[in-house]
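Novice: For the sequence shown, numbering that gives the first Met the number 0 begins at 0 and goes up steadily by one.
Where is the CB? At the ideal position from N, CA and C, for every residue including glycine.
Quantities reported herein were computed from a predicted structural model and do not represent experimental measurements.
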Amino acid sequence: MPGQNYSLWSLFKHGLNHHKTWEPAWTRASLKPSYDVVIVGGGGHGLATAYYLAKNHKVGRIAVLEKGYLGGGNTARNTTIVRSNYLWDEAALLYEHGMKLWEGLSEDLNFNVMFSQRGVFNLGHTLQDMRDIERRVAANHLQGVDAHVLTAAEVKEKIPQLDTGRSRRLPVLGASWQPRAGIAHHDAVARGFARAASRLGVDLIENCEVLGFDIEGGRVKGLQTSQGPVKADRVGCVAAGHSSVLAAMAGVRLPLESHPLQAFVSESMQRVIDTVIMSNAVHGYLSQSDKGELVIGAGIDSYLGYGQRGSPHVIDHTAAAILELFPQFSRVRMNRQWGGIVDVSPDACPIISKTPVQGLFFNCGWGTGGFKATPGSGHVFAHTIAHDAPHPLAAPFALDRFSNGHLIDEHGAAAVAH
Ligand SMILES: Cc1cc2nc3c(=O)[nH]c(=O)nc-3n(C[C@H](O)[C@H](O)[C@H](O)COP(=O)(O)OP(=O)(O)OC[C@H]3O[C@@H](n4cnc5c(N)ncnc54)[C@H](O)[C@@H]3O)c2cc1C
Numbered sequence: 000m001p002g003q004n005y006s007l008w009s010l011f012k013h014g015l016n017h018h019k020t021w022e023p024a025w026t027r028a029s030l031k032p033s034y035d036v037v038i039v040g041g042g043g044h045g046l047a048t049a050y051y052l053a054k055n056h057k058v059g060r061i062a063v064l065e066k067g068y069l070g071g072g073n074t075a076r077n078t079t080i081v082r083s084n085y086l087w088d089e090a091a092l093l094y095e096h097g098m099k100l101w102e103g104l105s106e107d108l109n110f111n112v113m114f115s116q117r118g119v120f121n122l123g124h125t126l127q128d129m130r131d132i133e134r135r136v137a138a139n140h141l142q143g144v145d146a147h148v149l150t151a152a153e154v155k156e157k158i159p160q161l162d163t164g165r166s167r168r169l170p171v172l173g174a175s176w177q178p179r180a181g182i183a184h185h186d187a188v189a190r191g192f193a194r195a196a197s198r199l200g201v202d203l204i205e206n207c208e209v210l211g212f213d214i215e216g217g218r219v220k221g222l223q224t225s226q227g228p229v230k231a232d233r234v235g236c237v238a239a240g241h242s243s244v245l246a247a248m249a250g251v252r253l254p255l256e257s258h259p260l261q262a263f264v265s266e267s268m269q270r271v272i273d274t275v276i277m278s279n280a281v282h283g284y285l286s287q288s289d290k291g292e293l294v295i296g297a298g299i300d301s302y303l304g305y306g307q308r309g310s311p312h313v314i315d316h317t318a319a320a321i322l323e324l325f326p327q328f329s330r331v332r333m334n335r336q337w338g339g340i341v342d343v344s345p346d347a348c349p350i351i352s353k354t355p356v357q358g359l360f361f362n363c364g365w366g367t368g369g370f371k372a373t374p375g376s377g378h379v380f381a382h383t384i385a386h387d388a389p390h391p392l393a394a395p396f397a398l399d400r401f402s403n404g405h406l407i408d409e410h411g412a413a414a415v416a417h
């Protein structure tokens, strides 16, 4: 805490006090009868939206309603890869906007979000992979996104542990490399935005499930929640895996599928990997956390569902993929596995949009790759809600693209889609 001089003894005393004298990071508010803006969903995106609404748009009375605890959804469950090397201009510009915010985020929030720009490699294993990589890197150069094409020898030089032998089932032929990409700490991101939003007067309300919307004359007037009714001039829904459930309560149909997505970590070990490695062809990716765990993931479970678990064969397949790349990890023990629910849109791009109900906005469909967008998503969504008109970077991601055909097809365009 500023102005306090912590000796080892005082830290020890704090420990014995069970942190009783520590100032809470944010205030636990109670639900008021009405707000200017209510944000549904207290994940990273919802908290970031509330923060930028208060900070950039000076909206006075804002609440974030979270049915569980803040940051306990996909924000807590993701593998934290941050990159902006998407193929299409609309997507690359949106994610690059987020990347620039990441680069100043700890300072802006006055909270260390542990953003580590350790680079991301997307491996190429076939001639077609390499052609796609070259095309995407060329597009990234035109978009102002840092990106390089590397040969297999250059990849080996940067990641000596990677098996680049030509006799592998799917030999590594090269990679794209984004040096400014990396990882951040998921809990720190949620806590940093929560603390900063709370300090700007945003009411953060946990254990408050939204059960319905009050809509009159085509305009949202309020919400029904597990803590009672609340009036709101505008409502922004940022509920990741449950977006279509919420939208249905307002009579809006979203083109989304909800799938389980799993990840797992190994036991902690000495630092061996200092970057992020993704491979679409063998289908797996890996980084190493600050605690020393290998953080591993791959693609979605193919069935639809809201169970945050996933099936064992996906773990099996992912572990096999990682061993193709790093056979020396065959004796590393895996520590724990978990799943989240991701909402996947037909073109693998988000929906940041007004809806047919006036005053009701949705930000969803980030699928397997929304963590990287947390600050950028909150920033453009806050603008969209405050102006009742899309932020220029969000405009291509409106709902009407599914009726007018202006899709932005990022499916598999940038290797494993995280
Ligand atoms: C295993 C896994 C790995 C991933 N890896 C990556 C990665 O490496 N990089 C990347 O960029 N992305 C990744 N993602 C995707 C990323 O986690 C999400 O896109 C992102 O976290 C979405 O953020 P959010 O704030 O919208 O969602 P969430 O954190 O899920 O927040 C939504 C909140 O809404 C709440 N909510 C839902 N319904 C209601 C209701 N009716 N009332 C009130 N509250 C409600 C939920 O409880 C939840 O807390 C991964 C996801 C998973 C599951």
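Suppose you measure from the CA of Arg335 to the CA of Gly14; what does that come to, to the nearest Å?
Specialist: Walking along the sequence shown from the start, residue 335 turns up at place 336. Walking along the sequence shown from the start, residue 14 turns up at place 15. So the alpha carbons of these two residues sit roughly 28 Å apart.
Novice: What first and last residue would you give for the alpha helix (DSSP H) that runs through Phe401?
Specialist: Your numbering for residue 401 matches position 402 in the sequence shown. Run containing Phe401: 400 to 403, per the alpha helix (DSSP H) assignment.
Novice: Check this for me: beta carbons of Ala24 and Arg194, under 8 Å apart or not?
Specialist: In the sequence shown, the residue the question calls residue 24 occupies position 25. In the sequence shown, the residue the question calls residue 194 occupies position 195. Cβ atoms of Ala24 and Arg194: closer than 8 Å.
Novice: For the candidate residues His56, Leu100, Gly43, whose alpha-carbon lies nearest to that of Arg76?
Specialist: If you number the sequence shown from 1, residue 76 lands on position 77. Measuring from the Cα of Arg76, the nearest candidate turns out to be Gly43.
Novice: Going by Cα to Cα distance, which pick from Thr79, Ser344, Gly369, Ile384 is closest to Ala183?
Specialist: As a working mapping, residue 183 is identified with position 184 in the sequence shown. Considering only alpha carbons, the answer is Thr79.
Novice: Is there at least one non-hydrogen atom of ligand 1 closer than 7 Å to the beta-carbon of Arg76?
Specialist: The sequence position of residue 76 within the sequence shown is 77, counting from 1. Flag set: Cβ of Arg76 near ligand 1.
Novice: Please state whether DSSP places Gly2 in a helix, a strand or coil.
Specialist: Taking the sequence shown and counting its residues from 1, one reaches residue 2 at position 3. Caution applies to Gly2, whose pLDDT of 46 falls short of 50 and renders its modelled position unreliable; the model cannot decide the point.
Novice: With respect to 7 Å, is the separation between the Cβ of Ala180 and the closest non-hydrogen atom of ligand 2 below this value?
Specialist: Absence of ligand 2 is noted for the structure shown, with ligand 1 being the only ligands found.
Novice: Answer yes or no: the CB of Val237 versus the heavy atoms of ligand 1, is any distance below 7 Å?
Specialist: To locate residue 237, count along the sequence shown from 1; it is residue 238. Yes, Cβ of Val237 sits closer than 7 Å to a heavy atom of ligand 1.
Novice: Measure from the alpha carbon of Ile295 to the alpha carbon of each residue in Gly235, Ser286, Lys99, then state which is nearest.
Specialist: For the purposes of this step, residue 295 is identified with residue 296 of the sequence shown, where counting begins at 1. The shortest C-alpha separation from Ile295 is found at Ser286.
Novice: Is it buried or exposed for Leu141, if we count other Cβ within 10 angstroms and need 16 for buried?
Specialist: By 1-based counting over the sequence shown, the position of residue 141 is 142. Exposed.
Novice: Please state the DSSP three-state secondary structure of Trp101.
Specialist: On the sequence shown, position 102 is the one that residue 101 refers to. It is helical.
Novice: Classify Asp387 as helix, strand or coil using the three-state DSSP reduction.
Specialist: Sequence index remark: in the sequence shown, residue 387 carries index 388 (1-based). Here Asp387 sits in coil by DSSP.
Novice: Which residues does DSSP pair with Gln223 in a beta bridge?
Specialist: Numbered from its first residue, the sequence shown carries residue 223 at position 224. Bridge partners of Gln223: Gly211, Pro228.
Novice: Closest to Leu303 by C-alpha separation, out of His258, Leu126, Pro345, would be which residue?
Specialist: In the sequence shown, counting from the first residue as 1, residue 303 sits at position 304. The shortest C-alpha separation from Leu303 is found at His258.
Novice: At a threshold of 7 Å, does His13 count as lining ligand 1 (C-beta to nearest heavy atom)?
Specialist: Position 14 of the sequence shown, counted from the first residue, corresponds to residue 13. No, ligand 1 has no heavy atom inside 7 Å of this Cβ.
Novice: Between the Cα of Val81 and the Cα atoms of Ala180, His378, Asp107, Lys99, which residue gives the shortest distance?
Specialist: Along the sequence shown, read from residue 1 onward, the residue named residue 81 stands at position 82. When each option's Cα is compared against that of Val81, the closest is Ala180.
Novice: Only counting the same chain, and skipping five residues up and downstream in sequence, which positions put a Cβ closer than 7 Å to that of Leu104?
Specialist: Counting from one through the sequence shown, the residue named residue 104 turns up at place 105. Here the set comprises Val112, Phe114, Pro374.
Novice: In angstroms with no decimal places, state the Cα-to-Cα distance between Ala196 and Arg308.
Specialist: Indexing the sequence shown from 1 puts residue 196 at position 197. Indexing the sequence shown from 1 puts residue 308 at position 309. Near 31 Å, if we compare the C-alpha coordinates of Arg308 and Ala196.
Novice: First and last residue of the beta strand (DSSP E) that includes Thr150?
Specialist: Position 151 of the sequence shown, counted from the first residue, corresponds to residue 150. That run of the beta strand (DSSP E) goes 147 to 150.
Novice: Over the uninterrupted alpha helix (DSSP H) stretch that includes Glu205, give me the two end residues.
Specialist: For the purposes of this step, residue 205 is taken as residue 206 along the sequence shown, with counting starting at 1. That residue, Glu205, is in no alpha helix (DSSP H); it is neither H nor E in DSSP.
Novice: State the start and end residues of the unbroken beta strand (DSSP E) segment that holds Gln336.
Specialist: For this step, residue 336 is matched to residue 337 along the sequence shown. Note, Gln336: beta strand (DSSP E), 333 to 343.
Novice: Determine which residues share a DSSP beta bridge with Ala174 and list them.
Specialist: The residue given as residue 174 occupies position 175 in the sequence shown. In the DSSP output, where bridge partners are listed per residue, Ala174 has Leu122, Leu149.
Novice: In whole angstroms, what separates the C-alpha of Ala151 from that of Leu161?
Specialist: Taking the sequence shown and counting its residues from 1, one reaches residue 151 at position 152. Taking the sequence shown and counting its residues from 1, one reaches residue 161 at position 162. For Ala151 and Leu161, the distance between alpha carbons rounds to 10 Å.
Novice: Between Phe361 and Ile384, how many whole angstroms is the CB-CB distance? I'm expecting something under 8 Å.
Specialist: Residue numbering aside, residue 361 sits at position 362 when the sequence shown is read from its first letter. Residue numbering aside, residue 384 sits at position 385 when the sequence shown is read from its first letter. With a Cβ gap of about 11 Å, Phe361 and Ile384 do not count as contacting.
Novice: With distance defined between alpha-carbon atoms, name the residue in His147, Leu7, Ala297, Ser267 nearest to Gly338.
Specialist: Residue mapping note: residue 338 aligns to position 339 of the sequence shown, counting from 1. Comparing Cα positions, the closest option is Ala297.
Novice: Straight-line CA distance for Thr53 to Asp186?
Specialist: Working through the sequence shown from its first residue, we reach residue 53 at position 54. Working through the sequence shown from its first residue, we reach residue 186 at position 187. The sequence as given places Ala at residue 53; Thr does not occur at that position. So the alpha carbons of these two residues sit roughly 21 Å apart.
Novice: For Glu133, tell me which candidate among Ala174, Ile272, Arg117 has the shortest Cα-Cα distance.
Specialist: As a first step, residue 133 is located in the sequence shown; it is residue number 134 there, counting from the start. Minimum Cα distance to Glu133 is reached at Ala174.
Novice: Nearest CA to the CA of Val37: which residue from Asn16, Val237, Val144?
Specialist: Within the sequence shown, residue 37 is the residue found at index 38, counting from 1. The shortest C-alpha separation from Val37 is found at Val237.
Novice: Would you please state the rounded distance, in angstroms, between the beta carbons of Gly418 and Ala239? I believe it to be under 8 Å.
Specialist: In the structure as shown, the chain starts at 0 and stops at 417, and residue 418 therefore has no counterpart that could be examined.
Novice: Comparing the CB of Phe114 with every heavy atom of ligand 1, is any distance shorter than 7 Å?
Specialist: Residue numbering aside, residue 114 sits at position 115 when the sequence shown is read from its first letter. Not under cutoff, so the answer is no.
Novice: Ligand 1 and Leu64: does any heavy atom of the ligand fall closer than 7 Å to the residue's C-beta?
Specialist: As a position in the sequence shown, residue 64 is number 65, starting the count at 1. Checking the Cβ of Leu64 against ligand 1 gives yes.
Novice: Is the segment 212 to 232 close to the segment 62 to 69, with three or more CB pairs under 8 Å?
Specialist: The segment 212 to 232 vs the segment 62 to 69: in contact.
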